[in-house]
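Residue numbers (my numbering), protein chains in the order written: chain B, 180 to 453; chain G, 180 to 453; chain F, 30 to 354; chain Z, 30 to 354. C-beta: ideal position from N, C-alpha, C; glycine also. See structure below.
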């Protein structure tokens with residue numbers, strides 16, 4: 180179990196020490212905490228594996244005890260005494276509220292009564308929060324093939340909103356997606372509603388550098404919070420389209436209690452924290 | 180527990196002794212046995228309450244041990260140690276193969292792999308085996324309101340075939356239905372197929388007087404078997420449309436073993452036999 | 030994850046639950062099927078409060094349906110079957126109300142109604158079916174055109190289309206989704222965190238609850254969260270779909286609840302007898318609905334001996350040998 | 030009702046089951062999801078027999094998918110997700126095969142694929158969804174036009190229509206039903222009369238089996254009919270939907286089976302390592318597929334100690350504390 184050695188500052192590749200204040204934390208830890216802060220008590224959380232699971236679990240233990248975590252596989256409200264390695268891990272079926280299947284799980288994602296928030300990742304994202312997790316290159320003759328949608332397109336289509344985890348970089352924040360897997364705000368403005376969606380859309384993008392949100396009218400991505408020690412210029416350099424950085428504040432770093440819960444209770448084996 | 184006192188002969192109302200041969204049996208017993216003879220081993224049987232339950236249970240105990248009985252409510256393959264009084268009786272969920280719900284049950288009715296046979300009753304039937312279990316009189320201002328379809332229209336639409344139980348009479352065998360609840364052969368010939376159905380249709384109508392079948396080409400009802408002691412004229416008199424009686428044979432009466440199983444094992448309380 | 034009482038704010042009396050979630054004109058659906066697991070404590074409470082103009086959407090909820098219709102609570106009805114098995118091939122007060130024009134009826138089938146609930150649960154506006162082609166169930170509507178467009182009433186009863194993936198003669202019936210205001214079901218158990226367990230057939234209860242804007246669950250008993258979490262495969266609804274939980278022992282009487290009690294043939298036969306006569310029916314409502322203060326008082330009127338007779342055998346789940354004639 | 034052995038004619042070896050129900054060019058689907066309850070004994074058998082040109086229709090059957098693709102058995106693929114959770118964000122042999130043009134892929138989503146199975150199970154030709162509007166999942170097809178109309182391939186990938194019950198901006202995606210030739214699932218238990226019990230999540234296994242023309246069930250154990258009849262709420266499939274029953278202990282290895290064993294991180298990590306390199310992958314196939322005579326021999330190669338490590342705890346249903354890095 181490796182100890183965290185770098186602060187959030189400096190981006191994905193660099194480990195430049197930029198934050199003076201203790202406690203020390205990794206970008207991944209900052210991402211989990213930052214995303215968890217979007218979760219409100221009572222939210223019904225559609226979680227994948229990875230950082231999303233950490234964010235949801237930390238939030239539930241800290242400020243959203245009545246939040247419910249569920250998985251597209253049908254595991255509804257498991258205790259998660261150990262972290263799952265996949266959404267079909269037997270740990271998502273242990274001591275849960277109930278065990279169901281895919282059809283039922285997606286009916287919860289879509290349920291009009293519930294405030295369902297999904298956590299998603301992708302290979303590419305554009306300025307309207309549309310995402311690609313299918314191919315790089317030509318769809319019929321791809322240079323790189325990824326996993327495909329899984330439930331991402333469904334959560335992007337049906338949930339009340341979704342939060343994206345990304346590593347920052349110009350290959351990932353692109354002007355034009357090679358394939359649109361998951362609907363964000365589509366072409367911005369009211370286009371999502373006109374396409375036939377009743378609700379939903381991306382709420383925020385949480386990266387190793389910053390938190391991005393979407394303008395309420397144009398639905399274009401803008402820089403909302405940069406992590407301490409990360410400059411707006413650095414973020415823009417790692418983003419493949421122009422970014423409004425005028426509204427950016429500095430993100431509150433994780434406090435000691437958040438880090439303790441994350442490290443000691445949620446992922447003691449550092450399966451996801453690394 | 181009343182003993183059966185009349186033979187099948189003489190129709191619904193009359194109890195005229197017409198059959199000389201022992202054993203003595205009631206029309207209802209004859210109906211259960213006659214219908215049960217249509218069941219083949221391996222059939223998957225969609226049963227309602229009433230005589231249908233007797234027919235299915237007797238058949239399973241005599242010549243079709245691998246037949247499976249299920250109910251639209253979702254009770255699949257119960258042991259039926261006691262007769263249910265409704266398809267939602269807790270007896271259809273006891274010691275069953277599995278307990279499900281309506282959506283699942285109807286998926287079995289429709290399953291293309293299964294030879295599903297349904298047992299249905301109705302208030303009215305026409306010459307093509309279409310049935311009414313909804314209203315007598317004008318639909319919007321009915322003189323008599325019945326239960327409505329329940330699962331009858333679905334079984335008539337989706338099953339591999341269905342068998343009808345009716346009391347014979349001109350009010351029931353009619354030239355024109357007041358309301359078409361359950362699709363039979365519609366207007367005969369290929370009309371059922373052209374309406375969009377992939378299979379199914381009525382196989383036989385089992386009454387207190389006789390067994391009626393449907394011509395393979397025209398799909399018009401004809402008299403196939405009359406019970407011993409019942410004349411073709413009597414059947415025609417009780418049928419509200421002209422009936423081809425030229426192909427009629429005399430039905431084999433129930434034998435002692437069939438009657439013993441029916442009376443002693445299947446309905447000892449005479450809940451349905453009366 | 031800290032233990033917390035997930036029933037905070039949800040546990041209430043049947044009166045409070047009905048007060049909060051059922052109003053004149055609501056579109057409601059009830060769980061169960063004919064003589065099984067109808068939420069009768071809630072149904073009697075709705076009748077007692079003389080709630081009216083309900084739009085009841087039902088497959089075959091026999092006993093609940095007949096009492097609600099018979100008490101004059103229902104104005105509109107989407108229904109597949111108004112019967113009660115061998116106890117009433119056609120529900121008696123339902124039949125009278127339709128013949129007298131007191132309720133408007135839109136006829137569907139059991140498959141159609143359960144699929145309409147499923148569509149509501151899936152969040153899609155319609156669902157296809159191969160049932161009913163060429164029948165009056167598809168061809169004729171009981172609701173007058175002027176109701177079309179009102180809340181809870183689709184613009185068409187059904188729409189028949191050619192299968193766009195198919196060939197000639199591939200007609201399909203499109204059924205409009207149902208999204209009722211409230212579902213009321215009766216379950217065996219609810220846990221201290223609000224998870225619901227149903228034993229035996231679930232009928233269309235789960236689809237109904239997922240399709241509805243609010244869910245009331247009456248139950249035989251409350252059990253510890255940890256108990257239901259030991260075998261989550263058996264649980265039916267998650268806490269986040271449940272708005273009100275009401276403890277109502279024998280709350281489905283005179284209908285059956287697997288592993289708790291059988292249906293009550295004595296009361297069902299009494300009901301059948303009095304339902305046939307308007308005066309006797311009015312007297313029944315006075316005696317069993319308006320004149321009964323609480324569900325406890327109702328159970329006292331049924332009597333301890335009869336509740337003992339219908340008690341379910343632990344293994345069979347019903348009352349073997351019960352005189353059901 | 031007399032007891033009878035409902036497994037007569039159904040109980041067979043995995044070789045016999047595959048021989049009878051899976052042919053070159055079959056459209057098949059497998060149960061489970063990524064690293065859980067994949068029917069791996071059957072999958073290894075299919076690979077061993079070098080069955081080819083399969084049309085695999087899958088939501089997220091990670092491990093089974095990757096082995097079938099990696100062994101060259103698959104020509105066409107309807108899929109939502111070719112990944113294996115933390116063990117392989119994208120399945121490695123799947124990725125290589127697609128990039129090399131060795132398989133044709135039609136991309137759907139998990140909700141779409143499970144709904145397509147549901148439509149097949151319901152016996153309807155399509156089912157609506159609100160997923161994917163305006164995305165390339167809906168706009169672009171991976172199958173060339175000349176395949177349209179072939180068996181098992183719908184005339185359109187999806188069809189977007191205006192909701193006929195709705196208003197403007199009420200577009201709906203119609204998904205074509207799936208009716209595969211055969212489903213293969215792995216279950217915890219099958220009874221002596223052919224009833225299937227699955228513990229834990231059922232994923233889309235039940236919809237798959239109901240939609241398919243034949244069903245093979247591999248299982249951890251056979252149990253008496255009376256045992257499964259004691260609690261029918263827990264059973265998943267009736268005897269009349271099951272064509273072949275195969276006893277295959279550890280038959281989902283290296284994926285997990287709740288209450289029996291966890292996934293095997295050692296083998297999954299080994300798999301991940303060798304899958305990256307074509308030569309090592311060829312050697313893996315020789316060693317673990319073609320060179321292994323039987324499932325018993327496979328389990329011997331895994332070794333008793335590792336099977337002991339992954340054995341599920343009776344209460345948790347998985348192996349607590351298992352080193353999963």
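Asked: To the nearest angstrom, report how far apart residue 245(F) and residue 280(F) are at their CA atoms.; Found: 13 angstroms
Asked: Counting only beta-carbon atoms, is residue 439(G) nearer than 8 angstroms to chain Z?; Found: no
Asked: Which two residues bound the contiguous beta strand (DSSP E) that contains residue 321(B)?; Found: 321-324
Asked: Pick helix, strand or coil for residue 188(G), following the three-state DSSP scheme.; Found: Summary for residue 188(G): the model assigns pLDDT 41, below 50, so the residue's position carries little reliability, and this model does not support an answer.
Asked: Evaluate contact between the segment 359-378 of chain B and the segment 192-205 of chain Z, counting only Cβ atoms and requiring at least three cross-stretch pairs below 8 angstroms.; Found: yes
Asked: Is the Cβ-Cβ distance between residue 313(G) and residue 307(F) less than 8 angstroms?; Found: no
Asked: Give the straight-line distance between the Cα atoms of residue 50(Z) and residue 243(Z), rounded to the nearest whole angstrom.; Found: 7 angstroms
Asked: Taking 8 angstroms as the threshold (C-beta atoms), are residue 218(G) and residue 246(G) in contact?; Found: yes
Asked: Go ahead and label residue 333(Z) buried or exposed: buried means 16 or more other beta carbons lie within 10 angstroms of its beta carbon, across all protein chains shown.; Found: exposed
Asked: Taking all protein chains shown into account, do 16 or more other C-beta atoms lie within 10 angstroms of the C-beta of residue 350(B), making it buried, or fewer, making it exposed?; Found: exposed
Asked: Please state the DSSP three-state secondary structure of residue 199(G).; Found: Interpretation of residue 199(G) is limited by its pLDDT of 45, a score under 50 that renders its predicted location unreliable; no figure is taken from the coordinates.
Asked: Does DSSP classify residue 433(B) as helix, strand or coil?; Found: coil
Asked: Compute the beta-carbon to beta-carbon distance between residue 304(G) and residue 384(G), rounded to the nearest angstrom, for a pair I have assumed lies under 8 angstroms.; Found: 7 angstroms
Asked: Is the number of C-beta pairs between the segment 247-264 of chain G and the segment 255-270 of chain F that are closer than 8 angstroms three or more?; Found: no
Asked: At a cut-off of 7 angstroms, would you count residue 337(G) as near the ligand MG, judging by its Cβ distance to the nearest heavy atom?; Found: For the ligand MG, the structure offers nothing, since it holds no ligand at all.
Asked: Please determine, among 138(F), 166(F), 179(F) and 158(F), the residue with the shortest C-alpha to C-alpha distance to residue 55(F).; Found: 179(F)
Asked: Helix, strand or coil: which one does DSSP assign to residue 355(G)?; Found: coil
Asked: Can you check whether the CB of residue 88(Z) is closer than 8 angstroms to the CB of residue 281(B)?; Found: yes
Asked: Can you name the start and end residues of the beta strand (DSSP E) that residue 83(F) belongs to?; Found: 83-86
Asked: Listing by chain order, which chain B residues have their CB less than 9 angstroms from the CB of residue 300(Z)?; Found: By Cβ distance, chain B contributes nothing, its closest Cβ being about 14 angstroms from residue 300(Z), past 9 angstroms.
Asked: Can you list the beta strand (DSSP E) stretches of 3 or more residues lying completely in the segment 337-385 of chain G, in chain order?; Found: 340-345
Asked: Tell whether a beta-carbon distance below 8 angstroms holds between residue 152(F) and residue 336(B).; Found: no
Asked: Please state if the CB of residue 278(G) and the CB of residue 147(F) are separated by a distance shorter than 8 angstroms.; Found: no
Asked: Under the rule that 16 or more other beta-carbon atoms within 10 Å means buried, what is residue 186(Z), buried or exposed?; Found: buried
Asked: Buried or exposed for residue 347(G), please, with buried defined as at least 16 other CB atoms from any protein chain shown within 10 angstroms of its CB.; Found: buried
Asked: Grab the span of the beta strand (DSSP E) containing residue 298(G) for me, first residue to last.; Found: 295-300
Asked: What is the residue span of the alpha helix (DSSP H) that residue 238(Z) lies within?; Found: 234-240
Asked: Could you tell me whether the segment 100-111 of chain Z touches the segment 126-133 of chain Z, where touching means 3 or more Cβ pairs closer than 8 angstroms?; Found: yes
Asked: Expressed to the nearest angstrom, what Euclidean distance is found between the alpha-carbon atoms of residue 450(G) and residue 262(G)?; Found: 8 angstroms
Asked: Which residue's Cα is closest to the Cα of residue 440(B): 394(B), 452(B), 389(B) and 390(B)?; Found: 452(B)
Asked: Could you name the residues of the segment 98-113 of chain F whose beta carbon sits closer than 9 angstroms to any beta carbon of chain G, in the order they occur along the chain?; Found: 108, 109, 110, 111, 112 and 113
Asked: Measure the C-alpha to C-alpha separation of residue 215(B) and residue 310(B) and round it to an integer number of angstroms.; Found: 21 angstroms
Asked: From which residue to which residue does the alpha helix (DSSP H) around residue 127(F) run?; Found: 121-128
Asked: When the Cβ atoms of the segment 287-301 of chain F are set against those of the segment 336-349 of chain F, are three or more pairs found closer than 8 angstroms?; Found: yes
Asked: Quick one: is residue 321(G) near chain F, going by C-beta distance under 8 angstroms?; Found: yes
Asked: Hey, how far is the Cα of residue 120(F) from the Cα of residue 361(G)?; Found: 20 angstroms
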